[in-house]
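Numbering (the UniProt record's numbering), first residue to last: 1 to 575. Using N, Cα and C, we set each Cβ at its ideal position, and we do this for glycine too.
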Amino acid sequence: MKASQFFISTLKEAPADAEVVSHQLMMRAGLIKKLGAGIYNYMPLGLRVIRKVEAIVREEMNRAGAVELTMPVVQPAELWQETGRFDKMGPELLRIQDRHGRDFVVQPTSEEVITDIARQELKSYKQLPKNFYQIQTKFRDERRPRFGLMRGREFIMKDAYSFDRDQAAAKASYQVMAQAYRRIFDRFGLTYRAVAADSGAIGGDLSEEFQVIAATGEDAIVYCPQSDYAANMEKAEALAPAGPRPAPSKAMEKTPTPGKSTCADVAELLGVPLSTTVKSLVLATDETNEAGEIVKSQVWLLLLRGDHDMNEIKVGKVPGLAGFRFATLSEIEDHFGCKPGYLGPIGLKKSLKIVVDREVALMADWICGANEVDFHITGVNWGRDLPEPDAVADLRNVVAGDRSPDGKGELSIERGIEVGHVFYLGTKYSKGMNATFLGDDGKPAFFEMGCYGIGVTRLPAAAIEQNHDERGIIWPDAIAPFTVVVCPVGMDRSEAVKAAAEQLYADLLAAGVDVILDDRGERPGAMFADWELIGVPHRVTIGDKSLKEGVVEYQHRRDTAATKVAVADILAHVK
Ligand code: ATP
Ligand code: MG
Ligand code: MG
Ligand code: MG
Numbered sequence: 001m002k003a004s005q006f007f008i009s010t011l012k013e014a015p016a017d018a019e020v021v022s023h024q025l026m027m028r029a030g031l032i033k034k035l036g037a038g039i040y041n042y043m044p045l046g047l048r049v050i051r052k053v054e055a056i057v058r059e060e061m062n063r064a065g066a067v068e069l070t071m072p073v074v075q076p077a078e079l080w081q082e083t084g085r086f087d088k089m090g091p092e093l094l095r096i097q098d099r100h101g102r103d104f105v106v107q108p109t110s111e112e113v114i115t116d117i118a119r120q121e122l123k124s125y126k127q128l129p130k131n132f133y134q135i136q137t138k139f140r141d142e143r144r145p146r147f148g149l150m151r152g153r154e155f156i157m158k159d160a161y162s163f164d165r166d167q168a169a170a171k172a173s174y175q176v177m178a179q180a181y182r183r184i185f186d187r188f189g190l191t192y193r194a195v196a197a198d199s200g201a202i203g204g205d206l207s208e209e210f211q212v213i214a215a216t217g218e219d220a221i222v223y224c225p226q227s228d229y230a231a232n233m234e235k236a237e238a239l240a241p242a243g244p245r246p247a248p249s250k251a252m253e254k255t256p257t258p259g260k261s262t263c264a265d266v267a268e269l270l271g272v273p274l275s276t277t278v279k280s281l282v283l284a285t286d287e288t289n290e291a292g293e294i295v296k297s298q299v300w301l302l303l304l305r306g307d308h309d310m311n312e313i314k315v316g317k318v319p320g321l322a323g324f325r326f327a328t329l330s331e332i333e334d335h336f337g338c339k340p341g342y343l344g345p346i347g348l349k350k351s352l353k354i355v356v357d358r359e360v361a362l363m364a365d366w367i368c369g370a371n372e373v374d375f376h377i378t379g380v381n382w383g384r385d386l387p388e389p390d391a392v393a394d395l396r397n398v399v400a401g402d403r404s405p406d407g408k409g410e411l412s413i414e415r416g417i418e419v420g421h422v423f424y425l426g427t428k429y430s431k432g433m434n435a436t437f438l439g440d441d442g443k444p445a446f447f448e449m450g451c452y453g454i455g456v457t458r459l460p461a462a463a464i465e466q467n468h469d470e471r472g473i474i475w476p477d478a479i480a481p482f483t484v485v486v487c488p489v490g491m492d493r494s495e496a497v498k499a500a501a502e503q504l505y506a507d508l509l510a511a512g513v514d515v516i517l518d519d520r521g522e523r524p525g526a527m528f529a530d531w532e533l534i535g536v537p538h539r540v541t542i543g544d545k546s547l548k549e550g551v552v553e554y555q556h557r558r559d560t561a562a563t564k565v566a567v568a569d570i571l572a573h574v575k
């Protein structure tokens with residue numbers, strides 16, 4: 001590819017709404033262009049990255065025996081009504097109507113449609129196992145689309161679905177996928193962790209997430225450096241021993257100034273940077289005067305659950321608490337639209353704050369809600385559905401330094417970006433849709449299923465979070481928009497430079513290298529700044545002076561300086 005023919009459009013400044021570095025750099029490098037909230041154009045450079053991600057995923061899925069098909073983006077509601085998800089799924093599911101007033105959904109995932117295909121096409125156990133996958137556009141009307149492609153509303157997912165004759169076979173299919181995922185994520189060249197996950201709303205009990213490690217990740221993951229134990233926070237909490245635990249010692253040592261606590265105080269108290277997004281619930285006590293005004297407010301501890309920006313937590317301000325009723329944890333989750341067993345996120349600028357009534361102290365009957373009027377629930381018992389004060393004994397939270405469940409060491413906590421997820425589903429969908437095949441005993445049996453997702457457009461964002469510097473992106477070779485850029489200096493003035501650049505470009509192309517020749521005639525400074533921002537991993541600079549010595553300059557994006565390399569040796573450098 002020649003840069004003069006390609007489309008390159010870089011920006012000096014990132015737009016103000018780009019909060020994380022991957023979003024900023026993707027916008028500045030011209031990989032994506034915003035069309036609406038959580039909706040982006042994949043521009044030519046960005047699309048090249050996406051296509052490379054897809055190619056690796058496709059290759060490994062095929063190698064693992066999965067078969068590609070494509071299901072419609074717009075799907076008739078009937079199938080979704082069969083499983084009940086049309087009504088149950090909440091506002092993340094985009095429902096639309098056609099001109100006849102018939103209901104449709106824009107697929108957020110495709111269990112219903114694939115199960116419908118299976119019940120028609122897979123008639124006998126002899127056709128099993130089967131694993132179908134697609135790489136297709138998804139739409140989820142996310143409560144809080146943000147961070148560019150990281151949490152878009154429209155995005156690309158690879159979703160696969162396995163069909164098996166019995167549980168043992170389904171678990172074997174699950175393991176095949178779990179292994180394929182390891183190969184895929186190894187190939188991307190990123191640091192990641194496979195962690196045990198709760199199977200959540202989708203059901204089933206075998207579930208792992210693939211988390212790219214990054215400080216800006218929205219998920220907290222728990223692992224034991226002394227063993228291979230790793231889980232996401234929800235799963236770790238589900239396994240943690242029940243019972244109230246002392247507040248983290250930091251919180252006990254120091255409490256913020258009553259009534260004057262700021263976000264910074266809380267951040268300091270918890271030992272986290274103010275700029276990080278933390279998973280948190282603040283527990284606080286408020287003391288009010290007769291007029292109901294808060295005279296004193298103390299933060300007690302923060303649980304590593306929920307989802308907040310520290311910047312949004314306003315400590316010590318709780319407006320009127322009128323008209324509330326008793327609620328259970330699951331009702332709160334319903335109210336805020338969270339996943340079961342998971343509190344938060346709770347909507348735009350609505351910071352969840354748990355307030356413990358002073359009289360009751362750390363017992364039941366808590367007031368819970370955002371720092372906004374009409375966004376509180378009283379009588380909260382932190383015991384899932386247990387109604388009584390001692391319900392709080394069921395409160396589980398996991399903090400760094402806890403003993404690992406395998407007993408082999410202490411737990412550490414880090415942040416991750418969920419880029420893949422594998423699930424064993426069991427018969428949830430096959431039973432829901434009466435999808436059966438004939439077993440070897442001649443009797444119909446429900447399919448045993450699994451589903452397996454990869455966030456194709458989230459992956460590049462995660463890669464950037466992990467690989468960047470002050471000058472821009474540093475792509476791993478596997479997913480770089482171009483592997484090599486050839487930068488001729490003074491191409492318009494020197495025939496020798498022009499000829500050498502064209503020749504090297506042709507040689508690299510012939511050798512199968514994904515190369516771009518920057519023939520735009522930019523000045524060296526602007527040209528290098530562009531490619532450093534765009535993050536092409538290998539750069540070859542050709543200038544008159546070095547050419548006379550029979551060399552060109554090679555520089556990897558991570559190198560601080562260029563090395564002189566004989567023209568004949570350059571291929572070995574970049575392959
Ligand atoms: P999250 O917890 O981040 O909301 P999820 O658990 O809802 O993700 P899955 O249903 O497991 O997502 O979907 C499979 C994969 O699709 C995820 O692992 C993730 O990589 C990707 N994905 C999910 N939601 C989005 C989104 N809004 N934007 C981009 N990628 C997404
Ligand atoms: Mg989600
Ligand atoms: Mg998730
Ligand atoms: Mg998931």
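query: DSSP bridge partner residues for GLN134 (one or two, in chain order); result: ASP159
query: Beta-carbon gap between GLN134 and GLU59 smaller than 8 Å; result: no
query: Distance, VAL212 Cα to ASP365 Cα; result: Interpretation of ASP365 is limited by its pLDDT of 43, a score under 50 that renders its predicted location unreliable; no figure is taken from the coordinates.
query: Backbone CA spacing between GLU142 and CYS487 [nearest angstrom]; result: 42 Å
query: Segments of 3+ residues assigned as beta strand (DSSP E) that fall wholly inside the stretch 473-560; result: 484-488, 515-517, 538-542, 551-556
query: Nonlocal neighbours in the same chain, by C-beta distance under 7 Å from LEU149, ignoring five residues either side; result: MET26, ILE32, TYR40, PHE155, THR457, ARG458, PRO460, ALA461
query: Per-residue burial, ASN434 [other beta carbons within 10 Å of its own, 16 or more giving buried]; result: exposed
query: Paired residues, beta bridge with PRO44 - DSSP; result: Partner(s): none; PRO44 has no beta bridge.
query: GLU92 Cβ short of 7 Å to ligand 3 heavy atom set; result: no
query: The stretch 462-475 / the stretch 533-543 touching (three or more Cβ pairs under 8 Å); result: yes
query: Chain-order list of residues whose beta-carbon lies under 6 Å from that of PHE482 (same chain, five-residue window excluded); result: ASP514, ILE516, VAL536
query: Stretch pair the stretch 49-56 + the stretch 494-503: three plus CB contacts closer than 8 Å; result: no
query: In chain order, each alpha helix (DSSP H) run of at least 4 residues that lies wholly inside the stretch 160-190; result: 167-188
query: Test item: CB-CB of ALA118 and PHE528 under 8 Å; result: no
query: Pick from ASP469, GLY442, GLY152, ASP544 that is closest to ASP559, judged by C-alpha positions; result: ASP469
query: Given 8 Å, three or more beta-carbon pairs between the stretch 116-131 and the stretch 405-416; result: no
query: Spatial neighbours of THR83 in its chain, beta-carbon cut-off 7 Å, leaving aside the 5 residues before and after; result: GLU112, TYR429, GLY432, MET433
query: Which residues DSSP lists as bridging ARG403, in chain order; result: GLU410
query: Below-8 Å beta-carbon distance, LEU190 vs any chain B residue; result: Among the chains of the structure shown, chain B does not appear; only one protein chain is present.
query: Nearest-angstrom Cα separation, counted from GLN24 out to GLU13; result: 8 Å
query: Where ALA435 sits in the DSSP three-state scheme; result: coil
query: Three-state secondary structure assigned by DSSP to GLN75; result: strand
query: Supposed close pair PHE139, PRO108 - CB separation, criterion 8 Å; result: 6 Å
query: Buried versus exposed, by CB contacts within 10 Å (16 or more), LEU509; result: exposed
query: Endpoints, alpha helix (DSSP H) assigned at ILE117; result: 111-121
query: Enclosing beta strand (DSSP E) for ILE8 [first to last residue]; result: Per DSSP, ILE8 belongs to no beta strand (DSSP E) and is neither H nor E.
query: Spatial distance of ARG523 from VAL489 (CA atoms); result: 8 Å
query: DSSP state of SER227 mapped onto helix, strand, coil; result: coil
query: CB of MET449 within 8 Å of CB of GLY426, strictly; result: yes
query: Length of the line joining the Cα atoms of GLU209 and GLU418; result: 6 Å
query: Closest by C-alpha distance to VAL567, when choosing among ILE542, ARG557, VAL20, ASP116; result: ILE542
query: Distance between GLU92 and GLU333 (C-alpha atoms, nearest Å); result: Interpretation of GLU333 is limited by its pLDDT of 42, a score under 50 that renders its predicted location unreliable; no figure is taken from the coordinates.
query: Whether ALA66 touches PHE132 by CB criterion (8 Å); result: yes
query: beta-carbon GLU208 near ligand 3 non-hydrogen atom, thresh 7 Å; result: no
query: Per-residue burial, VAL20 [other beta carbons within 10 Å of its own, 16 or more giving buried]; result: buried
query: Simplified DSSP assignment, three categories, for HIS100; result: coil
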